[in-house]
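Here's the structure we're looking at; comments come further down.
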Amino acid sequence: MNQEARKVVVLPCSGIGKVYGAIARETTYELMDRVRPGVVVTTCLPLLVIDDPEALRLVRENPVITIDGCPKSCAHRSVEAHGIKVAKTYQAINFYKAHKDLKPDGIAELDENGRKLAAVAADELAEAVDELAAGEVK
Amino acid sequence: MGLEVLKVGIVSCSGEAIPEGTLSRLACRKVLDELRPAETVTICLPLFIAGGPEERDFASKYPTITVDGCEKRCAQKSTEKLSGKPSKSLLIPEILEKHGIAKPTSLRNLRPEEKAAAQVVAEEIARAVDEVLEG
């Protein structure tokens, strides 16, 4: 990885109603804590809803990945509502479609399959994070 | 046609970046699933921006309680700005202080004492639901 790598902002769905919102969040934490610590950062998505200057600066100055939990795509749309282009966007349900042996359950707290699915998804997103951190993707 | 049951809307801070956000989500789910399942509904906060008129009407359709994890009060401000005035606005740090509970430090995989704190917060939210329903 590039020693001068930029931060990459990963914004998950903030939903508390569906399991794939929880998968989006857990995948983000896996990226932050285990897969690309020091590179991946996040912020609270609702800060964009209230136009928080610090959160807006973070997403304006760094490449952004969104991971949404449902087709309403709140994470993606909350960023683009500010005229900021999202570098890469994912739907968490597609992580499950690619790994159907890991059917997740739980909303407030994921079950074991959910945690495994998020870990696998985070591993698979690492390449995209590295490209963005290195400035290889606009 | 059945009787219409009044429900209270719960809007939780999603707080992905702060432990109090995780506590808020967990406590709100406890209210929705265990403590007051028949009396409460929720909405994902960013739907006020990403959703349509139906989502933005949430606070006019339901008396709403916002639960925030920090002083930025995203849930309260977003609801006021985009949907309607909440009936009650709760703040996790104030609830924890009231009960002499230490601030949480985990974003995920809450420790047992943090799960216990979520239960205390959930019970406070449930009391607020009852107060709203009692008018």
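Residue numbers (my numbering), protein chains in the order written: chain A, 933 to 1070; chain B, 9 to 143. Every residue, glycine too, gets a C-beta built ideally from N, C-alpha and C. Here the structure is a predicted model, which means the values were calculated and not measured.
Supposed close pair residue i, residue j - CB separation, criterion 8 angstroms
i: A/T975; j: B/A25; result: 5 angstroms
i: A/Y961; j: B/R116; result: 5 angstroms
i: B/P112; j: B/A125; result: 6 angstroms
Closest residue to residue i among the options (Cα-Cα distance)
i: B/S68; options: B/D76, B/F56, B/C78; result: B/F56
i: A/V973; options: A/P1036, A/G1001, A/V991; result: A/V991
i: B/G29; options: B/G60, B/V39, B/C82; result: B/C82
i: B/G60; options: A/R1009, A/P995, A/P985; result: A/R1009
i: B/C78; options: B/G92, B/E102, B/L14, B/K123; result: B/E102
i: B/H107; options: B/E88, B/E131, B/E142, B/A46; result: B/E131
i: A/K1020; options: A/E1059, A/K950, A/V951, A/Y961; result: A/E1059
i: A/L963; options: A/D1062, A/R989, A/A1054; result: A/A1054
i: A/Q1034; options: A/L1049, A/V951, A/P995, A/Y1022; result: Rather than Gln, the amino acid found at residue 1034 of chain A in this sequence is Leu. A/L1034 has its Cα closest to that of A/L1049, out of A/L1049, A/V951, A/P995, A/Y1022.
i: B/D65; options: B/P45, B/E88, B/T48, B/G143; result: B/E88
i: A/N1026; options: A/P1003, A/I1016, A/G1015; result: A/P1003
i: B/T50; options: A/A1013, A/G949, A/V967; result: A/G949
i: A/R966; options: A/E1063, A/A1051, A/Y1028, A/L980; result: A/A1051
i: A/R989; options: A/D1062, A/G1015, A/V971; result: A/G1015
i: A/G970; options: A/V1061, A/G1067, A/Q1023; result: A/V1061
i: A/D983; options: B/K80, B/P45, B/G92; result: B/K80
i: B/S32; options: B/E142, B/E63, B/G92, B/D76; result: B/D76
i: B/T48; options: B/E63, B/Y70, B/E62; result: B/Y70
i: B/E63; options: B/Q84, B/Q127, B/G92; result: B/G92
i: B/P184; options: B/D138, B/G143, B/S114; result: Because chain B in this structure spans residues 9 to 143, residue 184 of chain B falls outside the shown range and cannot be described.
i: A/E1068; options: A/N994, A/G1038, A/P985, A/A987; result: A/N994
Short Cβ contact (9 angstroms threshold) for residue i with residue j
i: B/S22; j: A/P978; result: yes
i: B/A110; j: B/L118; result: no
i: A/E958; j: A/L1042; result: yes
i: B/L90; j: B/T74; result: no
i: A/A1065; j: A/R938; result: yes
i: B/L34; j: B/I18; result: no
i: B/V16; j: B/V140; result: yes
i: B/T72; j: B/S95; result: yes
i: A/G1046; j: A/A954; result: yes
i: B/L53; j: A/S946; result: yes
i: B/I100; j: B/L43; result: no
i: A/V941; j: A/V996; result: yes
i: B/A58; j: A/A1013; result: yes
i: B/P27; j: B/E122; result: yes
i: A/A1007; j: A/L943; result: yes
i: A/Y1028; j: A/D1000; result: no
i: A/L980; j: A/V1011; result: yes
Per DSSP, cross-strand counterpart(s) of residue i
i: B/S97; result: B/T74
i: B/P54; result: DSSP lists no partner for B/P54.
i: B/G17; result: B/V49, B/T72
i: A/Y1022; result: A/I999
i: A/L943; result: A/T998
i: A/V973; result: A/V941
Cβ-heavy atom distance, residue i to the ligand SAM, below 8 angstroms
i: A/K950; result: Looking for the ligand SAM in the displayed structure turns up nothing, as the structure carries no ligands at all.
* Asked: In the segment 1013-1024 of chain A, which residues sit with their C-beta less than 8 angstroms from some C-beta in chain D, listed in chain order?
  -> In the structure shown, chain D cannot be found, because the protein chains are A and B.
* Whole alpha helix (DSSP H) runs in the segment 1019-1059 of chain A with 4 or more residues, listed along the chain? -> 1024-1030
* **Runs of alpha helix (DSSP H) wholly within the segment 80-138 of chain B (minimum 4 residues, chain order)** => 82-90, 100-106
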